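Numbering (the working numbering) for the sequence shown: 267 to 645.
Beta carbons: idealized from backbone N, C-alpha and C, even for Gly.
Keep in mind it's a predicted model, so treat the numbers as computed, not measured.
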Amino acid sequence: MDIEKIFHMKGGHDDTSYSKNSTLQKKASEMVKQITMETIQEVYLTTSPQNLAVADLGCSTGSNSLSIIKELYNAVINAYNKAQNNGPKSPPPQLCVYLNDLPTNDFNSIFKALPEFYQNNICKEVDDGNRVNGSDQQGYIRPSVFVAACPGSFYAPVFPPNFLHFVYSSYSLHWLSKVPNGIYDENGESMNKGCIYICKESPASIIQAYVQQFQDDFSRFLRLRSQELKNGGRMVLVLLGRENTNHIDRGNSFLWQLLAQSFRILVSKGLIPEEKLNSYDVHFYAPSKEEMQEEVRKEGSFKMVRFEMFEIERDENYGDNYGVDVARTVRAIQESMISHHFGEDILDDLFDTYAKLIDEEMSMQDIRPVTFVLVLNKV
Ligand SMILES: C[S@@+](CC[C@H](N)C(=O)[O-])C[C@H]1O[C@@H](n2cnc3c(N)ncnc32)[C@H](O)[C@@H]1O
């Protein structure tokens with residue numbers, strides 16, 4: 267299966283779209299906002315460019331990405347204003363933001379939202395006193411944020427060498443470049459039957475195959491980004507991970523286990539042939555802190571200056587809706603892959619079942635997916 271041609275978040279803005287079902291990711295980015303903003307300010311203050319080149323890798327369909335662009339812009343302007351008080355006057359910087367995702371991504375949704383975004387955020391900032399380049403003869407205000415798209419896998423070169431100042435990536439790097447080859451036997455059949463990710467029943471070879479794929483992908487990602495970042499460049503990476511070295515936990519692996527269980531219920535109802543389930547595996551890996559540190563150390567282009575592990579805060583009133591909310595979030599992310607493999611007809615049954623299983627489990631014991639945020643400085 268060619269993941270790069272199939273995998274995409276549910277586009278548009280209907281009830282099952284990613285844009286309507288990504289509040290968990292938004293909450294997480296708010297929780298790490300302080301770290302992200304401090305990092306871009308440090309980059310700006312140490313490199314002082316006129317045009318600050320920023321990439322959002324795995325931007326998806328927009329609203330979360332646009333919120334971050336606004337925050338990054340404000341952070342840079344604040345740093346600029348403070349620096350102006352302490353030194354010689356220079357023109358304010360401009361932010362050039364490059365949105366990256368797989369070519370299958372619904373980039374149009376983002377670009378359609380841009381005029382309103384500029385109107386409500388960027389131009390407003392300009393009118394509020396940060397007038398940057400003034401208006402031209404026709405009365406246009408030149409924006410101080412420029413947004414462009416650079417489609418392509420971040421496991422391949424995306425930008426010219428020595429091009430970027432700052433890289434941000436949120437909830438994207440736990441996606442591998444492919445399902446690891448090592449999970450298939452000599453006949454090309456998955457040896458992870460009945461499971462869709464590392465599960466209790468998975469043989470050691472399955473774990474090894476996922477670990478190897480993570481190591482290959484993450485080290486390639488680091489090498490490529492170090493070539494594309496300028497000296498003084500930094501990255502803020504937010505991704506799912508696991509709390510300790512155990513691959514089976516009550517976090518991300520448990521959510522895949524419940525999805526596998528939902529598939530098995532559909533098999534038992536005759537809605538999916540068993541062989542279909544046996545040949546479905548996800549291109550996902552939740553690394554541990556140690557695994558990330560080790561890859562950063564081995565690859566050698568970056569220094570990890572900050573690492574934090576956290577859980578996304580839940581709404582006070584999540585109670586009855588938690589299963590449905592999580593199922594909708596996972597559906598918006600996984601629908602393209604599942605419908606390609608199983609057909610669209612199973613989606614409603616599958617995710618209704620999944621929502622119920624999540625609520626049943628939650629009533630007995632919490633499910634606690636873990637997120638990492640790390641800051642990497644180019645050395
Ligand atoms: C869950 S979304 C996160 C979107 C957004 N950053 C947020 O925080 O809401 C993950 C995104 O990563 C993208 N992605 C996954 N693998 C990728 C790759 N190899 N190259 C570029 N984008 C990738 C997916 O297409 C998807 O849009």
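Check, Outcome
"Shorter than 7 Å, the distance from the beta carbon of His279 to the closest heavy atom of ligand 1, or not?", "no"
"Can Ser295 be considered in contact with ligand 1, in the sense that its beta carbon sits closer than 7 Å to one or more heavy atoms?", "yes"
"Output the boundary residues of the beta strand (DSSP E) element that contains Lys570.", "For the sequence presented, residue 570 should be read as Met rather than Lys. Counting along the chain, the beta strand (DSSP E) containing Met570 begins and ends at 568-576."
"Report the option in Leu439, His274, Asn428, Leu442 whose CA atom is closest to the CA atom of Asn371.", "His274"
"Tell me the DSSP secondary structure of Tyr437 in three-state form.", "coil"
"So, at 6 Å on beta carbons, what are the nonlocal neighbours of Asn317 in its own chain, with the 5 sequence-adjacent residues on each side left out?", "Gln360, Cys362"
"Considering Cα atoms alone, identify which of Thr619, Ala470, Leu439 is closest to Leu488.", "Leu439"
"Any idea what DSSP makes of Ser314, helix, strand or coil?", "coil"
"List the whole-angstrom C-beta distance separating Tyr421 from Asp322, where the pair is believed to meet the contact cut-off of C-beta under 8 Å.", "16 Å between Cβ atoms; not a contact."
"I need the boundaries of the beta strand (DSSP E) containing Leu505, first residue and last residue.", "495-507"
"Looking at C-alpha atoms only, which residue of Leu311, Pro354, Leu368 is the closest neighbour of Gly602?", "The sequence given here has Ser at residue 602, not Gly. Selected option, being the one with the closest Cα: Leu368."
"Look at Lys542 and Phe608 and say whether their C-beta atoms are less than 8 Å apart.", "yes"
"Could you pull the DSSP bridge partners for Ser456 from this structure?", "Tyr450"
"Between the beta-carbon of Glu494 and the beta-carbon of Pro427, is there less than 8 Å?", "yes"
"Ignore the nearest five residues each way along the sequence and tell me which others in Lys292's own chain have a CB closer than 8 Å to its CB.", "Ser329, Asn330, Ser333"
"Kindly indicate which three-state DSSP category Leu323 falls into: helix, strand or coil?", "strand"
"Pull up the distance between the alpha-carbon of Gly277 and that of Pro539, whole angstroms please.", "28 Å"
"If I measure Cβ to Cβ from Gly395 and keep anything under 6 Å in the same chain, skipping five residues before and after, which residues do I get?", "Any reading at Gly395 needs caution, since the residue's pLDDT is 46, under 50, leaving its predicted position unreliable; the model's value is listed next. Hits under 6 Å: none found."
"Is Ser605 a contact residue of ligand 1, with contact defined as CB to any heavy atom under 7 Å?", "no"
"Taking all protein chains shown into account, decide if Met630 is buried (16 or more other Cβ within 10 angstroms of its Cβ) or exposed.", "exposed"
"Per the DSSP calculation, Gln360 is bridged to which residue(s)?", "Asn317"
"On a Cα-Cα basis, can you pick out the residue from Gly498, Asn387, Val502, Asn344 that is closest to Val298?", "Val502"
"Under the three-state reduction of DSSP, which class applies to His607: helix, strand or coil?", "helix"
"Between the Cα of Asp615 and those of Asp591, Phe529, Val477, Gln479, spot the shortest distance and give me the residue it belongs to.", "Phe529"
"What number of angstroms, rounded off, separates the C-alpha of Ser419 from the C-alpha of Val590?", "31 Å"
"Given Met628, which residues of its chain have a CB within under 8 Å of its CB, disregarding the five upstream and five downstream residues?", "Tyr588, Gly589"
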